[in-house]
Amino acid sequence: MADIPFLTIGLIFGLLLIFALQRSLAIDIAPDGSLDVHSLIAQGASGYDLVVGRGEWWRIGLAPLLHGSDWHLIGNAIALFIVGVRLEPLIGRGWFSLIFVASALVGEAGSLLGNAPGVPGVGASGAITGLIAALFVASFDPEADADQTMSRLKTSLFFGVPALLPLAFGASGNVDYFAHAGGALAGGALAIMPWLVFWSYDSLPRSASMTLLAGCVGSLICAGFAAAHYSSYMADAAHYIPASEMPANGDERVSRSFDLVTRYPKDPRAHLFHAIFLMGQKSFAAAEAEVRTAMSLAASDVAGGPVRSAAPAVMAVVLYAQGRDSEAKAMAAEPCRAKQGEVRRILEKTKLCG
């Protein structure tokens with residue numbers, strides 16, 4: 001019975017139930033199964049502006065249990081199962097619980113420190129990466145035979161390398177690699193501890209086996225705070241473009257920008273799309289006005305991080321097109337330093353970077 005990963009299976013079912021609740025409470029769901037970003041914020045997504053800026057510390061205890069889409073959950077559940085089947089019988093449920101909870105919390109810290117302030121995040125990947133790192137460390141158990149060691153190493157490297165390697169190349173996109181890094185540090189450090197202090201995973205103090213229960217109680221307390229703020233965040237979400245109405249590609253967003261601005265005048269994304277449309281029409285003064293509106297609205301939008309990052313680059317191009325070179329270069333300075341792929345390519349094309 002000790003070899004059956006009951007805790008791993010229980011965690012997966014728990015994450016599935018939580019995501020089912022998320023879907024039922026979401027204000028909107030995109031065709032690909034992604035939940036509306038403002039719904040995620042209402043449910044407990046974390047981010048520097050939310051946790052530090054607004055003092056909503058309770059998000060740290062909820063965000064690792066939430067997921068942003070069907071595929072996000074499925075990917076994490078598969079990784080958790082494959083790693084858990086190998087790790088849980090090896091180190092025991094007490095250590096497994098401790099590593100999962102600690103990696104989730106340290107992963108949140110890594111996410112807050114590494115990601116842009118206005119980018120909300122959810123997901124158990126920090127906790128799972130901690131388990132992956134623990135499996136890598138535990139693979140060197142001197143009592144294991146060569147086949148067991150190789151199987152554990154292959155599994156940990158199969159999941160661990162893609163989870164961490166992009167950090168070496170300036171990680172970007174929708175994957176929270178900083179949460180992965182924090183979780184891996186916590187999981188690896190905790191997996192080493194028994195060898196340094198107790199010399200065996202079997203000698204875990206009894207109190208540590210209560211870690212998962214303490215984590216559950218803490219998450220329920222955090223959920224109470226989320227419930228208290230839920231209605232105000234959901235009321236605010238009604239002013240933004242729903243996930244199911246967001247055009248699928250850039251060209252469609254630009255072509256539909258006038259309709260989006262008319263229907264959702266408080267959404268900074270709509271104004272930025274319309275600015276790009278106006279640039280294509282050579283209406284640079286009107287485009288400048290739209291970008292300034294987008295920047296103003298994004299400053300108070302809890303999900304406005306992507307617009308806050310992209311708008312200065314668009315503004316720089318608009319100013320450059322009007323012959324205001326010095327203003328354009330000053331506006332482009334920060335986007336050029338940020339080294340965001342698509343944004344930097346736009347600026348380099350107009351020779352505003354470098």
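Numbering (full-length UniProt numbering), first residue to last: 1 to 354.
Don't be surprised by glycine CBs; every beta carbon is placed ideally from N, CA and C.
Computed from a predicted model, the values in this text were never measured in an experiment.
Residue 245 and residue 97 have their alpha carbons spaced roughly 40 Å apart. Residue 248 counts as exposed, since fewer than 16 other beta carbons sit within 10 angstroms of its beta carbon. For residue 182, the enclosing alpha helix (DSSP H) covers residues 177-193. Residue 82: member of the alpha helix (DSSP H) spanning 70-114, first to last residue. Straight across, the Cα-Cα distance linking residue 287 with residue 307 is about 15 Å. Contact check between the segment 271-279 and the segment 42-62: fewer than three CB pairs, one atom from each, fall below 8 Å, which does not count as touching. Minimum Cα-Cα distance from residue 45 among the listed residues 239, 27, 67 corresponds to 67. The criterion of a C-beta distance shorter than 8 Å is satisfied by residue 107 and residue 127.
Taking the Cα of residue 266 as reference, the smallest distance to any Cα among 102, 253, 304, 91 is reached at 304.
In this structure, residue 346 lies away from residue 318, with their beta-carbon atoms at least 8 Å apart.
For residue 150, the uninterrupted alpha helix (DSSP H) segment begins and ends at 146-164. For residue 153 and residue 136, the gap between their C-alpha atoms comes out near 6 Å. In the structure shown, residue 4 falls within a coil segment according to DSSP collapsed to helix, strand and coil. By the neighbour-count criterion, in which a residue is buried when 16 or more other Cβ atoms sit within 10 angstroms of its Cβ, residue 93 is buried. Each residue's CA atom was taken as its position, placing residue 19 and residue 162 some 25 Å apart.
Contiguous alpha helix (DSSP H) elements confined to the segment 199-266 occur at 211-237, 250-255, 257-263, taking only those with 4 or more residues.
Your pair residue 103 and residue 121 does not check out as a contact, with CB atoms roughly 15 Å apart and the cut at 8 Å. Boundaries for residue 350: no alpha helix (DSSP H) harbours it, and the DSSP string shows neither H nor E there. Cβ atoms of residue 62 and residue 302 stay farther apart than 8 Å, at about 15 Å. Annotation: residue 47 to residue 119 spans about 6 Å, alpha carbon to alpha carbon.
Where residue 37 is concerned, the enclosing alpha helix (DSSP H) starts and stops at 37-43. CA-to-CA, the gap between residue 184 and residue 14 works out to about 22 Å. Counting along the chain, the unbroken alpha helix (DSSP H) around residue 277 starts and ends at 268-280.
Residue 240 is a Cβ neighbour of residue 38, given a cutoff of 8 Å.
Under DSSP, residue 121 takes part in a beta bridge, and its partners are 46. Residue 80 places its beta carbon 8 Å or farther from that of residue 178. When DSSP reads this structure, residue 29 sits in a beta bridge with 35. Residue range 305-321 is occupied by the alpha helix (DSSP H) that includes residue 314.
Between residue 258 and the set 223, 277, 17, 251, the nearest pair of CA atoms involves 277.
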